[in-house]
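A short worksheet on the structure shown next.
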Amino acid sequence: MNLNEAALRELNLYPLWVPREASLAQVEVALSAPTPIEIAPRVESVALSLPPQPSAVPESVSAHANLGWDELQGLVRDCRACKLRAGCTQTVFGVGDPQADWLFVGEGPGVEEDVRGEPFVGQAGRLLDNMLAALKLKRGDDVYIGNVVKCRPPGNRTPEADEIGCCLPYLQRQIELIQPKLIVALGKTAATALLGREASLASLRGSLHDYRGTPLLITYHPAYLLRSPTEKAKAWQDLCLARDAMKARKG
Ligand code: URA
52 MNLNEAALRE LNLYPLWVPR EASLAQVEVA LSAPTPIEIA PRVESVALSL PPQPSAVPES
112 VSAHANLGWD ELQGLVRDCR ACKLRAGCTQ TVFGVGDPQA DWLFVGEGPG VEEDVRGEPF
172 VGQAGRLLDN MLAALKLKRG DDVYIGNVVK CRPPGNRTPE ADEIGCCLPY LQRQIELIQP
232 KLIVALGKTA ATALLGREAS LASLRGSLHD YRGTPLLITY HPAYLLRSPT EKAKAWQDLC
292 LARDAMKARK G
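Residues in the sequence shown are numbered from 52 upward in steps of one, following this note's numbering.
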């Protein structure tokens with residue numbers, strides 16, 4: 052079994068038949084999960100329209116507008132702006148290529164991430180790695196993975212608004228420095244933080260949004276997919292949209 056096949060099996064999406072010269076509209080997904088799976092709507096119903104591209108790099112929104120990567124990393128390491136730092140082992144800045152085309156954004160570190168200082172290294176991280184592999188991507192290789200908050204919330208609870216408020220400028224500066232071609236928000240916390248408004252994930256997924264001129268794709272968090280495996284088909288559909296959006300951006 053090759054890596055891609057293994058990744059698709061992990062996503063409960065194997066076998067996947069993709070005709071030669073496949074386009075999104077041609078992708079037929081055959082679900083082979085042991086449990087019945089809701090078949091996601093066919094992908095042609097998803098409009099692939101890129102948000103308008105700005106003619107120039109947008110002005111900085113970050114409170115850390117003049118900081119370079121290393122300075123930003125130092126600032127995060129020393130941050131005591133909210134109550135989270137007192138309860139975690141270390142800050143988790145992010146991992147990967149700081150000039151990546153792909154940026155994946157999660158919510159915040161969990162137990163294993165807190166210990167290892169790297170995002171998405173636990174069970175949800177293994178699923179994320181498989182989702183990346185299904186796109187023929189891997190962490191560190193044209194991919195950057197970060198989180199909305201850099202410190203583990205106690206008991207893995209959702210970060211609170213004030214905690215997100217303190218930490219978001221770091222992510223905003225990371226995005227300004229990375230200048231990704233596409234951002235993938237994993238779950239509602241990342242979606243809300245990047246969009247600046249709240250809506251259900253079901254209503255946000257399946258189409259492209261805009262984060263200050265960069266296409267933003269919103270999909271389910273891998274931890275949610277582990278709890279709700281029947282949603283994996285929709286996540287795969289979102290990833291196909293992301294893949295096509297990236298192709299369109301690269302030209
Ligand atoms: N969940 C997240 O949102 N981020 C991580 O780094 C790990 C789990």
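The beta-carbon is built from N, C-alpha and C at its ideal position, and this holds for glycine as well.
- Annotation note: the region 146-179 contains the following uninterrupted alpha helix (DSSP H) runs of length 4 or greater, listed N- to C-terminal: 162-167.
- DSSP places ALA132 outside both helix and strand once states are collapsed to three, so it counts as coil.
- DSSP links HIS260 through a beta bridge to LEU267.
- Taking 8 Å as the cut-off, the Cβ atoms of GLY157 and PHE171 count as close.
- Following the DSSP letters along the chain, one finds ALA116 in no beta strand (DSSP E), marked with neither H nor E.
- ASP192 sits exposed, since fewer than 16 C-beta atoms from the chains shown fall within 10 Å of its C-beta.
- Just so you know, the alpha carbons of PRO160 and LYS298 end up roughly 30 Å apart.
- Ranked by how close their Cα comes to the Cα of THR240, the residues VAL199, PRO280 and SER113 have VAL199 in first place.
- The three-state secondary structure of VAL200, taken from DSSP, is coil.
- Proximity to GLN225 across GLU214, ALA293 and LEU245 peaks at LEU245, based on C-alpha coordinates.
- PRO204 has its CB no nearer than 7 Å to any heavy atom of the ligand URA.
- Assignment of VAL143 by DSSP, reduced to helix, strand and coil, places it in the coil class.
- For LEU219, the uninterrupted alpha helix (DSSP H) run begins and ends at 212-229, by DSSP.
- A heavy atom of the ligand URA is found nearer than 7 Å to the CB of GLY176.
- Around the Cβ of GLU164, a 10 Å sphere holds 16 or more other Cβ atoms; the residue is buried.
- Under the three-pair Cβ rule at 8 Å, the region 207-216 does not count as touching the region 113-126.
- The Cβ neighbour count for LEU277, taken over all protein chains shown within 10 Å, is under 16; the residue is labelled exposed.
- Excluding five sequence positions before and after GLY238, the CB atoms of its chain that fall closer than 6 Å to its own CB belong to GLU158 and HIS272, given in chain order.
- For ALA236, the uninterrupted beta strand (DSSP E) segment begins and ends at 233-237.
- Taking the Cβ of PHE171 as the reference point, at least one heavy atom of the ligand URA falls within a distance shorter than 7 Å.
- Here LYS283 is not near ASP152, since their CB atoms are 8 Å or more apart.
- Rounded to the nearest whole angstrom, the CA to CA distance from ALA132 to LEU126 is 11 Å.
- Of the residues assessed, PRO205 falls on the exposed side of the cut-off, its CB having fewer than 16 other CB atoms within 10 angstroms.
- In the three-state reduction of the DSSP assignment, ASP192 falls in the strand class, which pools E and B.
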